[in-house]
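The next block holds one structure in the form of structure tokens; read it before the comments.
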Amino acid sequence: MTYTFSIQAEKNWQANAQEDLYFSQKFRKMKIFQLRLPHIILQLVIYCTYLVQADMVNQQLRETYLVHMDKSSMPESFDDHFQWFESSLKSVSESASMLYTYNNVIHGFSTRLTAQEYESLQKLPGIISVLPEVIYKLHTTRTPQFLGLGKGPSLFSASNSASEVIVGVLDTGVWPELKSFDDTGLGSVPSSWKGECEVGKNFNSSSCNRKLIGARFFSKGYEAAFGPIDDATESRSPRDDDGHGTHTATTAAGSAVPGASLFGYASGTARGMATQARVAVYKVCWLGGCFSSDIVAAMDKAIEDGVNVISMSIGGGLSDYYRDTVAIGAFTAMAHGILVSCSAGNGGPSPGSLSNVAPWITTVGAGTLDREFPAYVMLGNGKNYSGVSLYSGKPLADSFVPMVYAGNVSSTTSGSLCMTGSLIPTKVAGKIVVCDRGGNSRAQKGLVVKDAGGVGMILDNTELYGEELVADAHLLPSAGVGQKTGYAIKNYLFSSSNPTAKITSGGTELDVQPSPVVAAFSSRGPNPVTPEILKPDIIAPGVNILAGWTGKAGPTGLDSDVRRVSFNIISGTSMSCPHVSGLAALLKAAHPEWSPAAIRSALMTTGYTTYKSGEAIQDIATEEPSTPFDYGAGHVDPVAALDPGLVYDATVSDYLYFLCALNYTASQIKAATNRDFTCDPGHKYILGNLNYPSFAVPLATASGEGGGADESSTLKYTRTLTNMGTPATYRVSVSSHTTAVKILVEPESLSFSEQYEKKSYTVTFVANSMPSGTNSFSRLAWSDGKHVVGSPIAFSWT
Numbered sequence: 019m020t021y022t023f024s025i026q027a028e029k030n031w032q033a034n035a036q037e038d039l040y041f042s043q044k045f046r047k048m049k050i051f052q053l054r055l056p057h058i059i060l061q062l063v064i065y066c067t068y069l070v071q072a073d074m075v076n077q078q079l080r081e082t083y084l085v086h087m088d089k090s091s092m093p094e095s096f097d098d099h100f101q102w103f104e105s106s107l108k109s110v111s112e113s114a115s116m117l118y119t120y121n122n123v124i125h126g127f128s129t130r131l132t133a134q135e136y137e138s139l140q141k142l143p144g145i146i147s148v149l150p151e152v153i154y155k156l157h158t159t160r161t162p163q164f165l166g167l168g169k170g171p172s173l174f175s176a177s178n179s180a181s182e183v184i185v186g187v188l189d190t191g192v193w194p195e196l197k198s199f200d201d202t203g204l205g206s207v208p209s210s211w212k213g214e215c216e217v218g219k220n221f222n223s224s225s226c227n228r229k230l231i232g233a234r235f236f237s238k239g240y241e242a243a244f245g246p247i248d249d250a251t252e253s254r255s256p257r258d259d260d261g262h263g264t265h266t267a268t269t270a271a272g273s274a275v276p277g278a279s280l281f282g283y284a285s286g287t288a289r290g291m292a293t294q295a296r297v298a299v300y301k302v303c304w305l306g307g308c309f310s311s312d313i314v315a316a317m318d319k320a321i322e323d324g325v326n327v328i329s330m331s332i333g334g335g336l337s338d339y340y341r342d343t344v345a346i347g348a349f350t351a352m353a354h355g356i357l358v359s360c361s362a363g364n365g366g367p368s369p370g371s372l373s374n375v376a377p378w379i380t381t382v383g384a385g386t387l388d389r390e391f392p393a394y395v396m397l398g399n400g401k402n403y404s405g406v407s408l409y410s411g412k413p414l415a416d417s418f419v420p421m422v423y424a425g426n427v428s429s430t431t432s433g434s435l436c437m438t439g440s441l442i443p444t445k446v447a448g449k450i451v452v453c454d455r456g457g458n459s460r461a462q463k464g465l466v467v468k469d470a471g472g473v474g475m476i477l478d479n480t481e482l483y484g485e486e487l488v489a490d491a492h493l494l495p496s497a498g499v500g501q502k503t504g505y506a507i508k509n510y511l512f513s514s515s516n517p518t519a520k521i522t523s524g525g526t527e528l529d530v531q532p533s534p535v536v537a538a539f540s541s542r543g544p545n546p547v548t549p550e551i552l553k554p555d556i557i558a559p560g561v562n563i564l565a566g567w568t569g570k571a572g573p574t575g576l577d578s579d580v581r582r583v584s585f586n587i588i589s590g591t592s593m594s595c596p597h598v599s600g601l602a603a604l605l606k607a608a609h610p611e612w613s614p615a616a617i618r619s620a621l622m623t624t625g626y627t628t629y630k631s632g633e634a635i636q637d638i639a640t641e642e643p644s645t646p647f648d649y650g651a652g653h654v655d656p657v658a659a660l661d662p663g664l665v666y667d668a669t670v671s672d673y674l675y676f677l678c679a680l681n682y683t684a685s686q687i688k689a690a691t692n693r694d695f696t697c698d699p700g701h702k703y704i705l706g707n708l709n710y711p712s713f714a715v716p717l718a719t720a721s722g723e724g725g726g727a728d729e730s731s732t733l734k735y736t737r738t739l740t741n742m743g744t745p746a747t748y749r750v751s752v753s754s755h756t757t758a759v760k761i762l763v764e765p766e767s768l769s770f771s772e773q774y775e776k777k778s779y780t781v782t783f784v785a786n787s788m789p790s791g792t793n794s795f796s797r798l799a800w801s802d803g804k805h806v807v808g809s810p811i812a813f814s815w816t
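Residue numbers (the working numbering): 19 to 816.
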């Protein structure tokens, strides 16, 4: 369309120019050419306008692509790869320019292309792949104690090595003035650091210090799509205008700050998981989202800068690994010895809702703490119920207040959700409004009620959210309640001629049990890309987490929220991810020689899946025992992970063999890993043989309706364990919750005579046929009497 429009504009101008030439020749002797001259000028103006408009349309129809080129294919006629990139681009487009060039994650560049240019570029020699831009989304004072770090600080007291570890956080930036970035007591910046502190709006080189050692921002992909950043609404610099990035960075590695709280809630000393580690921030997320071209550029720089851990609380669409830009970047980071920790996503409790599922990524789900912020609802019929809230303003009057259901006082069909502008002020004024959860943010619902004249809100969970309680710093007296309580409140409201209620705050409550429970929002397995890899890997605290915040936004993030805080309490797998990132930094400090796979294995095999009572960790969404599809290997236990006994290590070659098992071609492997590798056609590659700390076993149902119990299939998986401790003999045990699968482990014992010695074993699964959709779970563990090296096993019949 753009091309046609441009040609048509030129044709129109040429037609008018020909007409002007005709008149100029015909009437020259009549001395009226001067009468036609303004017309010629007018046509020139029109033509220029056509060209400008055509270019604008042309730019609007361009999209951003990441171009991966084969480094070894550069013709000898070029002096450097930049010249080759530029020549290749100019051969398909005279107007396109490069946004970024990439040297580590991939060898190539990003640019804006029309559909025709995109097709032409793909056909050029030396092109491995041309990937469309993907827009990704953003998915404490108590957690150190909850995780056991407060009980044994001497275990992680090697401050010299701890301060050598650098955690790179890709997010919305940083608010550097927070005390969480105080560098008191830290020595000089590690010599391994090669990064910088970029200057931008409201961000100077002095914004960095020995704690926050680097900060960069990446906006070219975002600006190519939406135009220049509006400095009035967000900073074109590493500064965090949103709060999310500051929260994740301080959770991972914030310095200890005594006397922290949010309006008095969760008071105590706020500290990150790795308080001595250094922080490097890479701002890749803006108001319009997080663009893959910017993310890859940031990962490229983080690798070059020398980070040891990359923390990314970002998620997007799912695709094959050679098309997943985050997976591609994470592979190169892993190959450089960098552990990449990513959030699992907030799509739970729906099955298969995961993101960031590549086996070289540590994928983190969310659980709760043993801390709540109760709010109490008293009804006019004398019944009392509890919920949660972080409201800190003026309380409601002690007397009961009339109560209405939002769906009955709304002008829209979805009025029960308290969407913006949906409530009728004359029916809401002076009342407590009951709103259903969903559709918009929880805090925004309270604002909608307040703007309509309501004096309080009860936010009740629908079936999707069950009994999960997530606290918010509401702008009016509020209480979030579970589905059952919400049903009871509405039952009273609908049956009473004059329903009334009052809401009071209960402050902060500790040692709440059971804890942890799997958060309802936490994304679940099975793995939608590779069912043979169990994801998430682990869960960590992700509900009601206190950490640092931006000075640019209020705790609710709403434009009308003028309150400013140094710490905020929010929830999501975005919060659980940096917990694991920080814990990985602690393990890296204690064991600098450990690979990313060894660190992940230590965190996974020492995770716990039951309470001290022996009962399984609960799923708040179902109020039933959770499964490995919910929590992976279990809830993280950092003190146990420090000394795991054995680990399932993995090298770059292991992951290449894994891609061979997926039947990837050499070009697809190059696109995913930036490495030249051709699978051996004579070798049988098995997905289940990837040396992963967990087992996922997809099983096919027998032919025919529902299958038959007499039909079975046999699978054999091989794993290799590395001894990280002293000589010992480990014996295997299998606990199974199904009779449908017989599990045989050979050998049943492994004797290690020295550190770093490797021993392999084989697991044979003999599975009977089960109806499609059936899931079952077991657990395999190796123990020497001191260590327990546990692995979940998930069976699924499809």
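Note that CB positions come from ideal geometry on N, CA and C, so glycine has one too.
Predicted model only: the values in this text are computed from it and were never measured.
Own chain, CB closer than 6 Å to residue i, minus 5 neighbours either side, in chain order
{"i": "Ser410", "result": "Phe281"}
{"i": "Glu571", "result": "Per the sequence presented here, residue 571 reads as Ala, with Glu not at that position. Cβ within range, chain order: Gly261."}
{"i": "Ser310", "result": "Glu151, Val152, Thr343"}
{"i": "Cys697", "result": "Cys678"}
Beta bridge counterpart(s) of residue i as assigned by DSSP
{"i": "Ala746", "result": "Phe770"}
{"i": "Ile638", "result": "According to DSSP, Ile638 bridges with nothing at all."}
{"i": "Glu764", "result": "Thr780"}
{"i": "Trp815", "result": "Leu717"}
{"i": "Pro421", "result": "Here the sequence assigns Met to residue 421, which means Pro is not the residue at that position. Beta-bridge pairing links Met421 to Ile450."}
{"i": "Thr732", "result": "Val784"}
{"i": "Cys303", "result": "Cys308"}
Range of the contiguous beta strand (DSSP E) that encloses residue i
{"i": "Cys360", "result": "357-361"}
{"i": "Ile588", "result": "585-588"}
{"i": "Val152", "result": "First-last for Val152: undefined, no H or E at that position."}
{"i": "Arg130", "result": "126-131"}
{"i": "Phe349", "result": "It is not in any beta strand (DSSP E) - Phe349 instead sits in the alpha helix (DSSP H) that spans 343-353."}
{"i": "Thr518", "result": "518-523"}
{"i": "Tyr626", "result": "Taken as a continuous stretch (DSSP letters only), Tyr626 belongs to no beta strand (DSSP E), as it is neither H nor E."}
Residue j beta carbon less than 8 Å from that of residue i
{"i": "Glu151", "j": "Glu81", "result": "yes"}
{"i": "Thr623", "j": "Gly808", "result": "yes"}
{"i": "Asp655", "j": "Tyr626", "result": "yes"}
{"i": "Val467", "j": "Val488", "result": "no"}
{"i": "Gly166", "j": "Val530", "result": "no"}
{"i": "Gly638", "j": "Gly484", "result": "Here the sequence assigns Ile to residue 638, which means Gly is not the residue at that position. In this structure, Gly484 lies closer than 8 Å to Ile638 by Cβ."}
For residue i, the first and last residue of its enclosing alpha helix (DSSP H)
{"i": "Trp378", "result": "Neither: Trp378 is in no alpha helix (DSSP H) and is coded neither H nor E."}
{"i": "His7", "result": "An answer regarding residue 7 cannot be provided, because it is not within the stretch 19 to 816 covered by the chain."}
{"i": "Arg618", "result": "614-623"}
{"i": "Met475", "result": "Run containing Met475: none in the alpha helix (DSSP H); it sits in the beta strand (DSSP E), 474-478."}
{"i": "Phe164", "result": "161-164"}
{"i": "Glu81", "result": "Premise fails: Glu81 lies in the beta strand (DSSP E), 81-87, not in any alpha helix (DSSP H)."}
{"i": "Trp102", "result": "99-108"}
{"i": "Thr266", "result": "262-271"}
{"i": "Thr287", "result": "Not the alpha helix (DSSP H): Thr287 falls in the beta strand (DSSP E), residues 283-288."}
Cut-off 8 Å between Cβ atoms - residues of its own chain near residue i, not counting five sequence neighbours on either side
{"i": "Lys804", "result": "Gly663, Ala746"}
{"i": "Leu39", "result": "Note that Leu39 has pLDDT 31, beneath the 50 cutoff, so the model's placement of it is unreliable and no number is given."}
{"i": "Val217", "result": "Ser223, Ser255"}
Residues of its chain near residue i, where Cβ-Cβ distance is below 7 Å and the 5 sequence neighbours each way are ignored
{"i": "Phe770", "result": "Asn741, Pro745, Ala746, Lys777"}
{"i": "Asp802", "result": "Gly663, Ala746, Thr747, Tyr748"}
{"i": "Lys47", "result": "Because the pLDDT of Lys47 is 34, which lies under 50, any placement of that residue in the model is unreliable, and the question is left without a value."}
heavy atom of the ligand GDP below 7 Å from residue i C-beta
{"i": "Asp454", "result": "What this structure holds is no ligand at all, so the ligand GDP is not there to describe."}
Report task. Spell out a yes or no on whether the region 600-620 and the region 188-201 are touching, meaning 3 or more CB-CB pairs, one atom from each, closer than 8 Å. Result -> no
Query raised in the report: With a cut-off of 8 Å, do at least 3 Cβ pairs link the region 255-265 to the region 560-568?
Result: With the rule of 3 Cβ pairs closer than 8 Å, the region 255-265 counts as touching the region 560-568.
Report task. Indicate whether the contact test is met: 3 or more Cβ pairs, each with one atom in the region 294-311 and one in the region 223-237, closer than 8 Å. Result -> Touching, yes.
Query raised in the report: Do the region 391-398 and the region 359-379 make contact, defined as three or more Cβ pairs closer than 8 Å?
Result: no
Query raised in the report: Does the count of Cβ pairs from the region 263-275 and the region 581-599 closer than 8 Å reach three?
Result: yes
Query raised in the report: For the region 659-675 against the region 685-696, are there 3 or more C-beta pairs whose distance is under 8 Å?
Result: yes
Requested in this report: Flag this pair as touching only if the region 492-509 and the region 469-479 have three or more C-beta atom pairs under 8 Å; answer yes or no.
Outcome: Here the region 492-509 lies against the region 469-479, with 3 or more beta-carbon pairs under 8 Å apart.
Query raised in the report: Are the region 116-133 and the region 86-100 touching by the rule of at least three beta carbon pairs closer than 8 Å?
Result: yes
Query raised in the report: Between the region 572-579 and the region 400-407, are three or more C-beta pairs nearer than 8 Å?
Result: no
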